[in-house]
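Engineer:
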Amino acid sequence: MTNAMKAFCDRKFGMFIHWGLYALPGGRHNGKAMETIGEWFQSYFRMPNAEYAEFAPKFNPVKFNADDWIRKASAAGVKYIVFTTKHHDGFCMYDTKVSDYNIVKMTPFGRDPLRELQHACAKYGVKLGIYYSHHLDWHEKDGGDPAPERGLNCGHMHWGNDWDFPNRSEKNFANYFYGKVIPQITELLTNYGEICELWCDCPMDIKPEFSQALRALVKKLQPDCMINSRIGNDCQDFMGLGDNQLLTNKLDYPVESPGTLNSTWGFKYDDHNWKSPEQVISQLVSLTEKNANYLLNVGPTPEGEFTPETDQIFAAIADWIHDKKDAIHATSPNPFPQELDFAFCTAKEKTLNFFLKKNPAELSLSGIHGKLVSASVDFKQDGDQIFLKLPDFHGQFLPLVKLTFDSIPEITKKIIPQNGGMVLGMSIGTIHEVKDEQESRQEIVDEAAVTHIVTTHATYDRDGTIWNWKNTTDYVTWEIEFPEGGEYEVFLFTQTRWKGQPWDGGRLMEVTWNGQSISNILNKDEQLPSFHNLRYVSKLGMLKINKGERGQLTLRTLRIDSKEAGQLNLASVRLMRK
Ligand code: GLC
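In short: position in the sequence shown from 1, add 6, done, that's this note's numbering.
Structure below.
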């Protein structure tokens with residue numbers, strides 16, 4: 007891992023800022039309200055460039071105060087920001103010599119917000135990153151215009167500007183790319199000091215030569231600037247997840263998950279679907295323990311302020327995190343081989359940090375080698391087992407319990423129950439592919455416009471789940487051990503992949519263990535929170551396990567009853583002692 011990658015991973019928490027001319031209409035036009043994301047205003051209403059440009063002389067965000075934004079972000083534990091220097095509308099939110107279509111030249115405001123943010127970031131020790139729409143640019147005749155087969159965004163918004171420039175055959179993307187993108191990225195990476203991250207978007211069918219040229223330029227100007235995967239054509243330094251997506255286990259490469267505070271990125275008057283501070287904090291800690299960064303978005307108002315809801319959420323995060331920053335920033339991921347059902351866990355040097363999801367009176371941890379010297383709760387250590395007595399945390403959200411050892415503790419690599427529970431994430435199991443007759447291949451384009459070749463075989467998705475497992479021959483196994491016996495209830499955790507995809511449990515799943523077998527179709531026994539997809543827990547049955555038993559637990563698909571059920575993503579098998 008390079009130093010830049012390490013620094014990227016250490017930051018953990020970023021603030022995305024979507025701010026541009028679209029904030030002014032805020033999703034409303036001629037008495038109609040947009041149903042989709044606010045920064046797509048121009049495409050949604052198919053507004054000609056001449057008309058959209060009329061927002062510029064009205065854009066005067068006199069309440070904008072970069073210091074205020076960054077102070078609030080920093081108090082909430084934010085270590086970097088990513089600011090929209092140019093979104094798909096093509097309007098530049100910084101002082102550029104390449105195009106007059108910018109905030110300094112065209113608005114009465116006349117200031118350069120990127121420069122002011124640069125200074126505020128330096129003051130608070132926050133790193134500066136930039137969003138730049140490298141492919142789509144509706145202002146330019148030659149801006150990216152993905153092939154019609156790519157469909158429409160959210161079902162009805164054109165990716166390219168086909169309302170001002172309907173003739174696709176007259177478009178020459180290279181003119182736009184070498185005439186605007188390359189010189190602007192040069193300005194941005196030359197005039198604003200250190201840029202920690204370049205955030206490209208919507209690569210769609212951009213040709214490899216352009217992604218490669220952009221990468222080469224960035225690496226020449228600022229080799230440590232980290233590039234996201236939406237640059238396209240595998241030219242990235244880190245993988246971006248889908249919007250609001252969570253992971254099911256840690257991955258061993260740098261990852262970032264962009265998240266919204268409500269349902270839009272750019273400000274909208276009519277979006278009141280705000281997340282609670284607890285939901286946001288839980289996303290942050292859940293990603294942190296899996297080695298992923300959380301890039302949480304704000305959509306400032308046309309006056310240049312955060313909405314009151316944004317302020318409240320950030321103040322609540324600040325309140326929660328002020329005595330826990332050390333357990334978040336620059337930590338390493340959960341050192342246990344499996345996710346823990348009772349806590350999120352991070353590690354730093356000799357300390358293990360547990361953010362408790364539950365508040366039982368006692369907790370038992372197994373397979374920890376190292377002498378426990380201090381803890382924030384009462385403890386007893388017996389060999390490689392640790393017993394904790396937990397106080398009543400009085401409804402505190404994800405309270406932190408710290409265990410400090412005399413040296414870096416060594417955690418068993420074996421999958422054994424922790425506090426009576428075992429979480430068998432798909433990514434810590436082994437997929438066994440068996441050839442079968444139903445085999446097929448299919449090309450699927452996902453919401454981040456990445457093309458995947460999928461077959462009927464069980465395949466890892468980029469969040470560590472298994473998806474599109476449509477055959478009945480493959481199986482997944484885990485090597486596990488039970489130092490203590492007992493009756494264990496077995497659950498399957500599944501989720502949908504696409505936003506809007508219905509969850510369909512019509513598949514018969516089987517778990518076998520040392521001669522016992524249990525099977526069930528998937529019922530909606532419990533729904534789990536998510537902003538990205540639908541997640542459910544289904545009961546499979548009960549296993550009787552003897553003390554010291556070890557072996558291979560196997561998961562099979564016995565039957566798939568419908569098409570959607572075949573597309574269901576499998577996240578984990580969980581065993582909980584009764
Ligand atoms: C999607 C939207 C884009 C937004 C981005 C943030 O790609 O199309 O408008 O900037 O998500 O992740």
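Cβ atoms here follow ideal geometry from the backbone N, Cα and C, with glycine treated the same way.
1) Can you give me the start and stop residues for the alpha helix (DSSP H) that R121 sits inside?
2) For D412, I'd like the list of residues in its chain whose CB is within less than 6 Å of its CB, leaving aside the five on either flank, ordered along the chain.
3) So what does DSSP say about D74, is it helix, strand or coil?
4) I need the DSSP call for V482, collapsed to helix, strand or coil.
5) If T436 and T483 are in contact, beta carbons under 8 Å, what's the gap, nearest whole angstrom?
6) Can you tell which of G511, F403, K441 and G557 has the C-alpha that lies nearest to the C-alpha of F488?
7) Using CA coordinates, which residue listed in M112, S105 and F89 is at the minimum distance from P119?
8) Figure out for me which residue from N299, E309 and L290 has the closest Cα to the Cα of T113.
9) Look at W280 and I319 and say whether their C-beta atoms are less than 9 Å apart.
10) Below 8 Å, is the gap between the Cβ of T91 and the nearest heavy atom of the ligand GDP?
11) Here's a check: name, in chain order, each residue in its chain whose Cβ is nearer than 6 Å to the Cβ of S139, leaving out the five neighbours to either side.
12) Within the same chain, show all residues whose beta-carbon is closer than 8 Å to that of E445, passing over the 5 residues directly before and after it, in chain order.
13) Would you mind sorting A180 into buried or exposed? The rule is 16 or more other CB atoms within 10 Å of its CB.
14) Closer than 6 Å by C-beta to F61: which residues in its own chain qualify, once you throw out the five before and the five after it? Chain order, please.
15) If we call anything under 9 Å between Cβ atoms a contact, is D567 one with K545?
16) Under DSSP, the beta strand (DSSP E) around P264 begins and ends at which residues?
17) I'd like the span of the alpha helix (DSSP H) that includes V224, first residue to last.
18) Looking at C-alpha atoms only, which residue of G131, K186, H162 and Y130 is the closest neighbour of D148?
19) Among I459, K356 and K364, which one has its Cα closest to the Cα of L409?
20) Starting from Y50, trace the alpha helix (DSSP H) both ways and give me its first and last residue.
21) Would a C-beta distance cut-off of 9 Å place K569 and E490 closer than the cut-off?
22) Verify whether the separation of the beta carbon atoms of M232 and F216 is less than 9 Å.
23) Using alpha carbons as the reference points, say which of M582, H335 and R541 lies closest to E295.
24) Quick check: the Cα distance between T502 and D249, rounded to an integer number of angstroms?
25) Compare the beta carbon distance of T471 and T254 with 9 Å and say whether it is the shorter of the two.
26) Using three-state DSSP, classify N173 as helix, strand or coil.
27) Using CA coordinates, which residue listed in A577, P209, L293 and Y100 is at the minimum distance from N197?
28) At what residues does the beta strand (DSSP E) containing C351 begin and finish?
29) Report the option in I323, F19 and D230 whose CA atom is closest to the CA atom of T8.
Structural biologist: Put simply:
1) P119 to Y130
2) K377 and V379
3) helix
4) strand
5) 5 Å
6) G557
7) F89
8) E309
9) yes
10) This structure does not include the ligand GDP; its bound ligands are the ligand GLC.
11) K92, H93, H94 and D207
12) T461, T462, H463 and N477
13) exposed
14) L27 and L30
15) no
16) V261 to G265
17) P214 to L227
18) K186
19) K356
20) F47 to Y50
21) no
22) no
23) H335
24) 14 Å
25) yes
26) coil
27) Y100
28) A349 to K354
29) D230
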